[in-house]
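Please read the structure below before turning to the comments.
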Amino acid sequence: MTAVLVAMGQAVTPDSPEVAAFKQAGYDIKFGKSAPTTPVGDVIEYLQGCAAVVAGGEPYPEEVFASCPDLRLVVRFGVGYDAVDVEAATRHGVVAATTPGTNDWAVADHAMGLIIDLAHNISRSDRRVRSGGWGGLRGIDIYQKTIGIIGLGRIGKGVAKRALGFDMRVLAYEPYPDQAFVAANGIELVDMDTLLAQSDFVTLHLPAMPSTHKVINAEKLALMKPTAYIVNTARGKLLDEDAAYEAVKSGKIAGAGIDAWTVEPLDQVERWAALENVVLTPHSAPSTVGVWDVTWKMMNDSIVGFLKDGTKPVGILNPEVWDTRR
């Protein structure tokens with residue numbers, strides 16, 4: 012019997028309603044681990060006999076595709092796919108896909124939440140009150156301040172619309188801008204250095220790829236105002252975390268809100284926890300009930316439709332494989 016691997020074994024169980032569609036379609040279900048640190052050998056072991064996989068953060072390099080002859084479809088839970096070697100999938104005739112448009116509103120909310128928290132010292136004040144303290148912290152306004160959005164895709168656009176609700180000046184760096192959206196919302200397109208120098212809050216929304224690896228490094232952080240904050244809810248690889256830590260610790264920037272990390276779970280908790288002017292979250296920006304339900308619906312439709320009816324998955328990353336299969 013055809014099997015489907017659900018690599019998000021920590022989040023769902025054989026009795027979870029999320030996997031009911033696979034059962035109803037007559038597929039066996041296997042469970043694995045979705046951590047980015049999952050050994051490739053384990054991923055290969057999980058995938059034996061599986062035609063499709065609900066992929067989490069575990070790695071999918073060439074070795075996986077070469078060692079799993081039954082695999083026909085990899086669907087990444089979410090929109091990021093830097094853990095999947097799409098070129099390798101293509102070489103082995105495996106369709107790779109994501110679930111686009113299923114979490115942008117939640118990540119945009121989270122980015123603005125981090126900005127509000129940093130500006131108003133919400134988490135910091137909460138810790139103070141819990142320990143018996145009171146007062147003594149003065150925040151800054153968000154109203155009419157300048158926000159710099161690096162990456163104006165779905166999530167970046169969502170942040171821009173939320174920022175406009177605070178009457179903020181919105182700067183954006185985007186290599187391929189939606190000019191209609193920019194014009195309709197009064198967004199100022201600028202180069203990255205200008206954005207960093209003028210923004211009170213900088214938020215990252217680029218995809219992870221070789222050209223964006225540590226796109227914000229010590230040199231770029233040095234361009235920011237000492238009163239400015241950096242926020243990353245996109246991918247850990249975008250931000251040089253060592254440089255960000257030093258910039259916050261030394262006062263070169265005012266603080267940071269980080270949800271996406273280079274290594275997850277975070278392996279340097281102690282040093283970050285020692286800083287008061289940071290807000291740290293465990294890559295939880297897209298973790299809402301609404302996102303979960305919509306993503307699983309798309310995931311089920313893509314996998315069952317592909318395996319049972321030969322339907323093209325939504326969010327396909329290598330259409331050339333699909334064209335070859337037809």
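Just so you know, this note's numbering puts 132 at position 121 of the sequence shown, and the rest follows in order with no gaps.
Heads up, the beta-carbon is just placed ideally off N, CA and C, and yes, glycines get one too.
These numbers were taken from a predicted model, which means no experiment stands behind them.
When Gly-176, Lys-248, Ile-161 are compared, the shortest CA-CA separation from Ser-210 is found for Ile-161.
Rounded to whole angstroms, the gap between the alpha carbons of Gly-164 and Pro-297 is 16 Å. Ala-245 has its alpha-carbon roughly 29 Å from the corresponding atom of Phe-317.
Its Cα nearest to that of Asp-304, the residue Thr-113 stands out among Thr-113, Arg-282, Ala-239.
Contact check for Leu-200 and Ala-183: beta-carbon distance about 6 Å, within the 8 Å limit, so the pair qualifies. Uninterrupted beta strand (DSSP E) stretches at least 3 residues long and entirely within the segment 257-305 occur at 266-269, 289-291, given in chain order. Collapsing the DSSP output to three states places Val-85 in a strand.
Going by beta carbons, Val-54 and Glu-69 fall inside the 7 Å limit. With 16 or more other Cβ atoms inside 10 Å of its own Cβ, Met-179 counts as buried. In the displayed model, Leu-16 falls within a strand according to three-state DSSP. Cβ neighbours of Pro-47 within its own chain (closer than 8 Å, five residues either side excluded): Gly-68, Glu-69, Pro-70, Ala-94, Val-274, Glu-275. Ile-166 and Arg-87 have their C-alpha atoms roughly 18 Å apart.
Contact check for Pro-324 against Ser-313 passes: the beta carbons are separated by less than 7 Å.
Beta-bridge pairing by DSSP links Phe-42 to Val-17.
Under the three-state reduction of DSSP output, Arg-246 falls in the coil class, being neither helix nor strand. Within the segment 100-134, the runs of beta strand (DSSP E) that reach at least 3 residues and sit entirely inside it are, in chain order, 106-108. Around Thr-157, the same chain offers Met-179, Arg-180, Leu-182, Gln-209, Ser-210, Asp-211 as residues with beta carbons nearer than 7 Å, after the five sequence neighbours per side are excluded.
The beta-carbon separation of His-294 and Asp-278, rounded to 13 Å, does not stay under the 8 Å limit for a contact.
The continuous alpha helix (DSSP H) containing Ile-166 extends over residues 165-175. Under the three-state reduction of DSSP output, Tyr-154 falls in the coil class, being neither helix nor strand.
In its chain, beyond the 5 residues on either side, Ala-32, Ala-36 have a beta carbon closer than 6 Å to the beta carbon of Val-315. Judged by DSSP secondary structure, Leu-182 falls within the beta strand (DSSP E) whose first and last residues are 180-184.
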